[in-house]
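**Q** Starting off with a structure, shown below.
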Amino acid sequence: MPPIRGRASLAPDSVCPAVPAPRSSFRVVTNKPPFFEDGNPRHDAPRPRLRTKKDKKRKRERKRERANEKSSSFPPPPHSAVVDVSNDVALPGPPAEVSTASRKNTATLKMSLHRILPWMWCFLITSECYNIKNRGEDGSKLIRIDGGIILGGIFPMHEQVAGSIGQSPCGAVKEEKGMQRLEAMLYVLDEINNDTKLLPNTTLGALILDSCSSDTYALDQSMEFVRSYMNQDISEYKCENGKMPTYVPHKPVTGVIGAAFSVVSIMVANILRLFKIPQVSYASTSTELSDKSRFEYFSRVVPPDNFQAQAIVEVIHLLGWKYVSTVAVEGEYGEKGIAKFIALTAAYNICVAVSEKILRNSKTEDFDRIIEHLSSKHNARGVIMFVDEDNIRKLLQATVRANRTGHFMWVGSDSWGAKVYPVRDQEFAAEGTITILPYRNALQGFDDYYLSLRPRMGDECRGQTESNVPHESLPGKMVNCRNIWFREFWSQHHKCTFSVNASSDVTRCTGMEDLVDYEQEGLVPFVVDAVYAMAHGVHDVIEEECVNNIGTPHYLCELIQPAPDGPLLLQHLRNVSFIGRQNTEIKFNADGDAYGFYNIYQYQRKEDGRFDYTLIGHWKEKLTLDINMTRWATGVGELHIPRSMCSDNCPMGHVRNFVEACCWSCVACREDAYAYNDTCKNCNPGYAPNSTMTGCVKLTAEVIPWTSPWALVPLIFASIGILSTLFTIVVFIRFNRTPVIMASGRELCYVLLVGILLCYGMSFIILSRPTTWNCTYLRIGLGLCLSICYSAILTKTNRISRIFNQGTKKIKRLSYTSPKSQVMIAIGITGIQLIGTIAWLVIEPPDTTEIHPYPLSAVLTCRVSTFSLMMSLVYNMFLILMCTLYAFKTRKIPEDFNEAKYIGFTMYSTCIVWLAFVPIYFGTNNDYKSSGRLPTLQVQIASMCMCINISASVALGCLFTPKVYLVLFQPFKNVRPGHPNMSRDGLQSGNRGMYSMRFAGGRSQTMQSVTSGSRSSPPMSRGAAARADERKHANGETQALASPSVEETSVS
C-alpha cells in the first residue's frame, strides 16, 4: 500500500517507549505544553530553567501534604498540571484550595495516559510497517530504491482516462512511452552504480512516480518528491523481525528526471522550484519552459519546440506545400508549438487553412468533427500536428471512420516521432506521414536488458524490491522485482491474467511469454542522457565540496548531506559537457535547453507490404533531406509528391486575388481588360484584349443584324402590319362609295391609314445600318408618323364631343366640322410636330456615332441624345393624352353609336403600350454599366420598334377591322335603310349628292351608325323626315333616303 497521505509527525522521543528517555535535570515551569498536537514545537513556550533550593524545599513540603491527604472530592481543574514521573518533570499544580488527595488522583491519571499513548502510536506504526514491507504489489504508486543520492523520476505509465471526482485518471499501461522509458532509467542507474569513475563509492537511488499522462494527477504525485523537505512521514519507520518500529528517514530527492508531457513538466516544475530541486526532462519541448523567470530549475536534453517548428517549416517548403492545416492538443506543448509554426510560415509564403485544437477529454464525435472540418478545405492535404500519441491514434481512427484514408498527408512533431503505438492497426491512414524526432541512436545494450525481463510469479524476489534477481527456470532472464507496474504491463501485452480466481476462458500468464513486435521507443536514449546529465552534475558538486573525501569510503561529506544544495547542483548541471551514449555531445544553453538536432522520418509501405519508419534526412540549423527517398501512395520520388496548395495557377485573362501570401483565388478580368502583373488593365472603348490577353486591338463597329431575334421580331411584325394596312387602303378605295365607308369619315380615315403605314415603315429605318440620311429619316419620321395618327384621331374625337355636347336648342350647324376642315385641322396639328423636328435637325444635325454600351462592344448608331428623343416624344404623348381625354368624355353617347367606343378602346390600349415602353427604353439606357451581357441597346431599339408597331396595330385593328369585315363578309349590312336591293358598288352613277341632318328641337336621337351593322335606323323627327323626302338632285330625281352619319353633316 502507498504511504499514508494524512501522516502524523511526532517528536522523536515520543514514538516508542522501548528505550526510556534519560531523566531531565531540569523541569519546565509553565502551564503550556512545549509541543503542538501535531508534534511541532511551540515557539511561544518559555525556556526551561534550572531547579533552585527553593524548588527542592517546596517539593518536600508537597510530599508531606500528599501523605496526610486521604481522599479528594474535587475534580481536576482545566489547567491542572501534567507530572511526568519518568522524566521527573512537573508543571504548576492546582490552586491552593484543592486538596492534596485530589492532586494525587489527577497525577496518577495523567501518568497512565502518558504511558498508554506511545503504545497506541506504536500499533498504528506497526500496521504501516506491514504495508511498507508488502510494497511492490500491483496498484502501488511509486518505486523507491535506496542509495546515497536519490533521483526522482516521473513517467506516463498509464493513459489518462476521464473519471469521476475522486477516482484515479489512470487507464491502460503505456507500453512504449511509459514502460520502456521507466526501465531505461532503472537500466542506466545500474550502469552508473557499476561505474568506478562516475560517482565512485556511492550509489544512485530512485523515487519513481506515475503521472498517468495527467498534469493534475502528476501535481498530486510530485508531492512525494518534497515530503522529506517538509516533515516526517510515518512510512519512514522500519519494522524488522517483529521489533518495535525505528525511525529511519528517507533521504531527500536530489534531482528529478522528467516529465514527458510539457504540461506535466510545467506543473511539476512549479513545485520543485519552491524547494530548489533541479529537474531534467527527456521529452518536454514547450517553448514556455525556456522562461527561466518562471522555471529556473528546469532543464532538458531535448531541443525546444521552436527548433522543431523551424525544421517542419523547412520540410513542407521543400515539398512545395503552400496550403496546410494544423492540429494542436490543448496545453502548452500543442498550442505553443503550433503558434511558433504559424509565426514562421509567413517567411515561406505558407498559408494555414484550418487550425483545430483537441480539447482535454475529447470524445469520439469531437475527433469526427475535426476530420470533417479539415476535409472542408479539400486542397489543404498537408496537416501539421503537435499532438500527443494518444490523440494521434484517435485522430487516425476518425480518419478511417470518415473514409478519408490516404487524403491527408500528416506531418508529426516529436511527440509522434518513430513510435509504433499511434499507427498500430491503422497503418494505411498514416501512410506517407513525415515525422520529426530529436536526433538519436538506438541505445546499445538496452534491447537485451528489456527483452530479458520477466514478471514475478511467486516469491522469487524474497522481499527484494530494489533490484532484479536471476530467473530460476530461464537462464539469462531476470525477474523484475523493482518495477511495480511490470506485471500489469505483461498482463496487458499478452492479454492474460495473474489472478488465480480467473475464469477458465481467460488465459493465465505463465511468465514464459516473449515480447513480440518490440521496437525501442524513440526517446529512450534521452532518458539515459537525462540521468547521466544529473549524475555528472552531482559528481561535479561532490568533487568541489568534498575534496578531502575523494577516494575514501566517506565520499559523501557532511557538506552535501542529506542532499547536495539545489542552487549549487543547478549551477554545475548547466555547465556539464560530455559525450552521451548516442555519441553526441550533451550540454545546455543559457536557458537549460539542448541544441536542436533532428532526424526526419517517413512512415512508408515497403515493397513486401510492411510499414516502417524510414530515415530520409536530418535538420541541424538547416535541412538536409533526400527527396528521392520519399515514398507515397502513388509512387516514389519528387514527381509523386502530393499537392497541398490553396490554388492552382490562374489561366489567361485571370489575375490572382491574394487572400494570404500563398493563397489566392483566380479572378477573371473584364472582357475589355487584360491581365498584367496580377492586375486587370482596361482597354480603351472600342478596343478588346488580344488572344493572349496581353494587350488590346481595335474592334469593328457593329450594327444590329436583321437576323438577330431583337430585329427579326419587329421586322416581321412591321411587315405584317404594312401588308394589313395596304389591304385596308385597297378595301377602302374599292368600296369608297358604300354607306359604311362613307359613314366612317373617309378623309380622316385615309389620313390615319397613311400614319399607320408610316409607323410600320419606321421599324425598317430604325433597324437599318446608320448613315447620315437614315438618321435624318429616323428623326423626322419617328415623331411625324405618330403625330399623323393621333392628330386624325384627336380631330375625330373632338368633333364627336362637340356634336354630342351641343345645347338642346341650338340648331345652327357647328363650325369646322366639314371634312375639309377636319383634314386641315389634322394637318395643322401634325405641322407643329414637323416644325419642331426641323428645329431639332438644325440645332443638332444628324450624324452617326460609335457607342460602347457594354464590354467588348462597338455599335454604330445615330447620334441622338436622350433628352432630344424625350422632347420629340413629349408632343406625341400630349396628343395621346388629349385623345384619351376626349374618348373618355364621349363614353356616354347613345349606345347605338359604336365609333366612340372603338376610339376609346384604341386610346386606352395605346396608353398602356406607351406606359410600358417608357420605363423599358429609358430604364435600360444605363444597364450596360453592369457586368451582365444583356444586349441593352438591342432591347432599347426593339422596344421602340415594337411600341410603334403595337400602337399602329391597335389603331388599325380597333378602328378599321370592323369596317373591313362588314364590307367583305356582311355586304347585306352595307346598304341604306329602305333600299335593300342596292348594289354593292354604291349609289347609282351620277348620284353624288351628300346629305345633311339637322337636329330639330335640340339634341335629337342619333341615328345608329352604319358601321354598327344595324338592320334598321332609329325613327327620325317629323320635320327632318319631311324635309328629306322633298330633297331632290339637280337632275330632278328624288334622293334616296339614307341613314346619315354624324360624320357627314353638310353637303360638299
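In UniProt numbering, the protein residues as written are 1 to 1052. Idealized CB from N, CA, C, for every residue including glycine. Here the structure is a predicted model, which is why all the values come from computation and not from measurement.
Since H158 sits in a beta bridge, which residues does DSSP pair it with?
**A** Partner(s): V173.
**Q** Which residues mark the beginning and the end of the beta strand (DSSP E) in which R456 is found?
**A** First-last for R456: undefined, no H or E at that position.
**Q** What whole-angstrom Cβ distance do P525 and N589 have, given they're in contact under 8 angstroms?
**A** Between N589 and P525 the Cβ distance is about 20 angstroms, and since that is not below 8 angstroms, they are no contact.
**Q** Are at least three pairs of beta-carbons, each pair with one atom in the stretch 776-783 and one in the stretch 847-855, less than 8 angstroms apart?
**A** Contact between the stretch 776-783 and the stretch 847-855 is absent, because fewer than three Cβ pairs lie under 8 angstroms.
**Q** Which residue's Cα is closest to the Cα of W773: C862, V823, Y449?
**A** Ranking C862, V823, Y449 by Cα distance to W773 puts C862 first.
**Q** Using the C-alpha atoms, what's the distance from Y187 back to N575?
**A** One C-alpha to the other measures close to 25 angstroms.
**Q** Using beta-carbon positions only, say whether F307 and A269 come within less than 8 angstroms of one another.
**A** Not closer than 8 angstroms, so no.
**Q** Which class does I550 belong to by DSSP, given the choice of helix, strand or coil?
**A** In the structure shown, I550 sits in coil (DSSP, three-state: anything other than H, G, I, E or B).
**Q** Let me know if M652 comes out buried or exposed under the rule of 16 or more other beta-carbons within 10 Å of its beta-carbon.
**A** Answer is exposed; the Cβ neighbour count stays below 16.
**Q** When the distance is taken between beta carbons, is Q160 closer than 8 angstroms to C212?
**A** Contact flag set, yes.
**Q** Give the C-beta separation of V256 and L274 to the nearest angstrom, bearing in mind that I take them to be a contact with Cβ-Cβ under 8 angstroms.
**A** No, V256 and L274 are not in contact; Cβ-Cβ is about 13 angstroms, not under 8 angstroms.
**Q** How close, in whole Å, do the beta carbons of A398 and D368 come, if the pair is a contact with beta carbons under 8 angstroms?
**A** So it is a contact: roughly 5 angstroms between Cβ atoms.
**Q** Report the CB separation of L453 from M478 in whole angstroms; it is logged as a contact under 8 angstroms.
**A** At roughly 6 angstroms, the Cβ-Cβ gap stays under 8 angstroms, so L453 and M478 are in contact.
**Q** Once DSSP output is grouped into helix, strand and coil, what is the label at R631?
**A** Three-state DSSP puts R631 in a strand.
**Q** By the three-class DSSP mapping on this structure, what secondary structure does C351 have?
**A** If DSSP states are grouped into helix, strand and coil, C351 belongs with the strands.
**Q** According to the Cβ coordinates, are A530 and V301 closer than 8 angstroms?
**A** In this structure, V301 lies closer than 8 angstroms to A530 by Cβ.
**Q** Tell me which residues share the same chain as Y790 and place their Cβ nearer than 7 angstroms to its Cβ, disregarding the 5 neighbours each side in the sequence.
**A** Hits under 7 angstroms: N876, L879, I880, C883.
**Q** Could you spell out the range, first to last residue, of the beta strand (DSSP E) harbouring I616?
**A** Residues 611-619.
**Q** Please tell me whether L573 and A533 are closer than 8 angstroms, where the distance is taken between their beta carbons.
**A** Yes, Cβ-Cβ distance for L573 and A533 is below 8 angstroms.
**Q** Runs of 4 residues minimum, wholly inside the stretch 241-324: which ones carry the alpha helix (DSSP H) assignment?
**A** Listed in chain order, the complete alpha helix (DSSP H) runs (minimum 4 residues) inside the stretch 241-324 are 262-274, 305-319.
**Q** Among M267, F298, Y297, I350, which has the Cα closest to the Cα of residue 1132?
**A** With the chain running from 1 to 1052 in the structure shown, residue 1132 is simply not present.
**Q** How many angstroms separate the CA atom of A1026 from the CA atom of P739?
**A** Low local confidence applies: a pLDDT of 37 at A1026 is under 50, so the model's placement there is unreliable, and no value is given.
**Q** Taking C-beta to C-beta, are I150 and L207 nearer than 8 angstroms?
**A** Taking 8 angstroms as the Cβ cut-off, I150 and L207 qualify as a contacting pair.
**Q** Is D459 buried or exposed, if buried means 16 or more other CB atoms sit within 10 Å of its CB?
**A** By the neighbour-count rule (16 or more Cβ atoms within 10 Å), D459 is not buried but exposed.
**Q** Are the beta-carbon atoms belonging to D591 and S290 less than 8 angstroms from one another?
**A** Yes.
**Q** According to DSSP, is F960 helix, strand or coil?
**A** Coil at F960, not helix or strand.
**Q** Quick test of the definition: if touching needs 3 or more C-beta pairs under 8 angstroms, does the stretch 791-804 touch the stretch 962-974?
**A** Flag = no, the stretch 791-804 and the stretch 962-974 do not touch.
**Q** Taking C-beta to C-beta, are S943 and F917 nearer than 8 angstroms?
**A** It is a contact, given that the beta carbons lie within the stated cut-off.
**Q** Pairs of beta-carbons, one from the stretch 491-508 and one from the stretch 406-420, closer than 8 angstroms: are there three or more?
**A** Touching, no.
**Q** Please report how far the alpha carbon of P845 lies from the alpha carbon of C947, in whole angstroms.
**A** Going from the Cα of P845 to the Cα of C947 covers about 26 angstroms.
**Q** Just to confirm my understanding: we take P564, look at its own chain, exclude 5 residues before and 5 after, and list those with CB closer than 7 angstroms. What are they?
**A** T254, V538, V541.
**Q** Please determine, among R670, A430, S708, the residue with the shortest C-alpha to C-alpha distance to C696.
**A** Checking every option, the nearest Cα to that of C696 belongs to R670.
**Q** Suppose contacts are defined by Cβ-Cβ distances below 8 angstroms. Is I788 in contact with T837 by that definition?
**A** No. Outside cutoff.
**Q** Could you tell me the distance, in whole angstroms, from the CA atom of A688 to the CA atom of V667?
**A** Their Cα atoms are separated by approximately 18 angstroms.
**Q** To the nearest angstrom, report how far apart K336 and S265 are at their CA atoms.
**A** Approximately 15 angstroms, taken between the alpha carbons.
**Q** Between T465 and R487, which are expected to be in contact by the criterion C-beta below 8 angstroms, what is the C-beta distance as a whole number of angstroms?
**A** Their Cβ separation, rounded to whole angstroms, is 13 angstroms, which puts T465 and R487 out of contact at 8 angstroms.
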